[in-house]
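Please read the structure below before turning to the comments.
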Amino acid sequence: MPIIAKAAPGKQLLTPNDHTLIMIDFQSQMAFATHSIDAVTLRNNAALVANAAAGFKVPTILTTVAEKSFSGPMFDEITAAFPGQTLLDRTSMNTWEDEAVIKQVNAIGKPRIVLSGLWTSVCIVEPALSAIDQGFEVFVIADACGDVSTEAHERAMQRMIQAGAKPITALQYILELQRDWARGETYDLTTGIAKTFGGAYGIGISYAKAMFNAHEG
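Residue numbers (the numbering used here): -17 to 199.
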């Protein structure tokens, strides 16, 4: 029998209400040694992810490691998107071994986990593999992660993918949450974040609007 197509989104696509975003160790000391991605791009992509999650009201956990004693504060671009939110500081390199984080994960109760942070081969691999082992579906925002070398980042991404994690990008994340330009309640939010943090795509939105009063959708 022929397969019948339907005008409906696939179940594998992310929605704002089906996942928990965990942003891990976007801190000064971790960034100093990150060389797989330049600092400006990393901060920009992290800001895009944070603002997308905040705007779409995605449950988000912000966690640091040894904030006061070693690693320093989380990027301002992230904390500004979640004013007043408590940062969960850990001693464990593996976020999934921290009781306070897991308490939050369970309180939120979503079956999907989206990860971004520093470094890919340590503080992203470890919770990703741990969450997958416990039955969660895991997504990793590859360009909102970084490591001490391109080799370290790429091998970590491969290891997670082989275990079942899904790689996505920062811009893909917000566009997947929006998904339909007819969704007017978040149109200005999405295009506004894209114009600010979306690189060449954002410049294109601004150009089209200024020159032709063009409108997505």
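Just so it is clear, CB atoms sit at the ideal spot from N, CA and C, and this is done for glycine as well. Bear in mind the structure is a predicted one, so any value in this text is a computation, not a measurement.
Buried or exposed (CB count within 10 angstroms, at least 16 for buried), residue i
i: residue 67; result: exposed
i: residue 49; result: buried
i: residue 80; result: buried
i: residue 33; result: buried
i: residue 15; result: exposed
i: residue 192; result: exposed
i: residue -11; result: exposed
i: residue 185; result: exposed
i: residue -14; result: exposed
i: residue 155; result: buried
i: residue 178; result: exposed
i: residue 91; result: exposed
i: residue 29; result: buried
DSSP-derived helix/strand/coil call for residue i
i: residue 181; result: helix
i: residue 171; result: helix
i: residue -15; result: coil
i: residue 69; result: coil
i: residue 138; result: helix
i: residue 52; result: helix
i: residue 194; result: helix
i: residue 103; result: helix
i: residue 145; result: helix
i: residue 176; result: helix
i: residue 188; result: helix
Terminal residues of the beta strand (DSSP E) in which residue i lies
i: residue 47; result: 42 to 47
i: residue 98; result: 94 to 100
i: residue 114; result: Element bounds for residue 114: not the beta strand (DSSP E) but the alpha helix (DSSP H), 107 to 115.
i: residue 165; result: Counting along the chain, residue 165 falls outside any beta strand (DSSP E), and DSSP gives it neither H nor E.
i: residue 123; result: 119 to 128
i: residue 58; result: Taken as a continuous stretch (DSSP letters only), residue 58 belongs to no beta strand (DSSP E), being part of the alpha helix (DSSP H) at 58 to 61.
i: residue 149; result: 148 to 150
Where the alpha helix (DSSP H) containing residue i begins and where it ends
i: residue 85; result: 81 to 90
i: residue 198; result: No alpha helix (DSSP H) contains residue 198, which DSSP labels as neither H nor E.
| said: With a threshold of 8 Å, are at least 3 pairs of Cβ atoms found where one atom belongs to the region 57 to 72 and the other to the region 23 to 30? | reply: yes
| query | Touching or not, the region 11 to 21 and the region 115 to 128, by the rule of three or more beta carbon pairs under 8 Å? | reply | yes
| said: Which runs of the beta strand (DSSP E) at least 3 residues long sit entirely within the region -8 to 39? Give them in chain order. | reply: 1 to 6
| query | Three or more C-beta pairs closer than 8 Å, one from the region 106 to 116 and one from the region -17 to -3: is that the case here? | reply | no
| query | So does the region 140 to 147 actually touch the region 160 to 167, counting three or more Cβ pairs closer than 8 Å? | reply | no
| query | Is the region 35 to 54 touching the region 0 to 19, taking contact as three or more C-beta pairs under 8 Å? | reply | yes
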